[in-house]
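> Starting off with a structure, shown below.
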Amino acid sequence: MEHPHVVQLFEVIETFGAVYIVMEYAGGGPLGHHIPEAVGLQEEEARRMFRQIVSAVCHCHTKGIVHRDLKLGNVLVGAGGNVKLCDFNLSHRFTAGQKFHRLCGTPSYWAPELYQCQEYDGPAVDVWSLGVLLYHMVTGRLCH
Numbered sequence: 001m002e003h004p005h006v007v008q009l010f011e012v013i014e015t016f017g018a019v020y021i022v023m024e025y026a027g028g029g030p031l032g033h034h035i036p037e038a039v040g041l042q043e044e045e046a047r048r049m050f051r052q053i054v055s056a057v058c059h060c061h062t063k064g065i066v067h068r069d070l071k072l073g074n075v076l077v078g079a080g081g082n083v084k085l086c087d088f089n090l091s092h093r094f095t096a097g098q099k100f101h102r103l104c105g106t107p108s109y110w111a112p113e114l115y116q117c118q119e120y121d122g123p124a125v126d127v128w129s130l131g132v133l134l135y136h137m138v139t140g141r142l143c144h
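In the UniProt record's numbering, the protein residues as written are 1 to 144.
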């Protein structure tokens, strides 16, 4: 899936007893390491990065993929301070109107329907997680 704010997968190599994944390098590490605790990012920087994250998530949804584990740890900082969405281990293909039942992702970023063990709309829970992610970016704290 090619997008400037999604980490690119170049190759998967399977050998006897091991699988190697060759991916794009984002040397800045997880976004969470760049956010001052209990302070957050400056508004302008948070807005710039959040636009990039939303662009990546919208691209995934347009391609029929729901991420299901959006959080600071799954956003990497690359060249020029630009962000890259990564870790698609819990992602899933979806069609319009499809509901999911599996509880997955990071509880601090869950939408209410996940806590209530209800079926859920994949893109809608990604949008909820984006809101939690933005709050975390600008305050340096998770909401409780």
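Ideal placement from N, C-alpha and C gives every residue a C-beta, glycine not left out.
So if DSSP puts Asp87 in a beta bridge, which residue, or which two residues, is it bridged to?
Paired residues: none, contrary to the question.
> List the whole-angstrom C-beta distance separating Asp126 from Arg68, where the pair is believed to meet the contact cut-off of C-beta under 8 Å.
About 7 Å; that satisfies the 8 Å criterion.
> With Thr95 as the anchor, note down where its beta strand (DSSP E) starts and where it stops.
Note, Thr95: premise wrong, no beta strand (DSSP E); not H, not E.
> I'd like the ranges of any beta strand (DSSP E) spanning at least 3 consecutive residues and lying wholly in the region 52-80.
List check, beta strand (DSSP E) in window: 75-77.
> What distance in whole Å lies between the Cβ atoms of Lys71 and Met1, which are believed to be in contact at a cut-off of 8 Å?
That pair is no contact at about 19 Å.
> If I measure Cβ to Cβ from Phe94 and keep anything under 8 Å in the same chain, skipping five residues before and after, which residues do I get?
Within the same chain, Phe94 has close Cβ partners Gly64, Ile65, Val66, Phe100, Gly122 and Pro123.
> Taking the alpha helix (DSSP H) that Val132 falls in, what are its first and last residues?
Its alpha helix (DSSP H) spans residues Gly122 to Thr139.
> Within its chain, find whatever has a CB closer than 8 Å to the CB of Glu119; leave out the 5 residues flanking it on each side and keep chain order.
Correct list, in chain order: Lys99, Phe100, His101 and Glu113.
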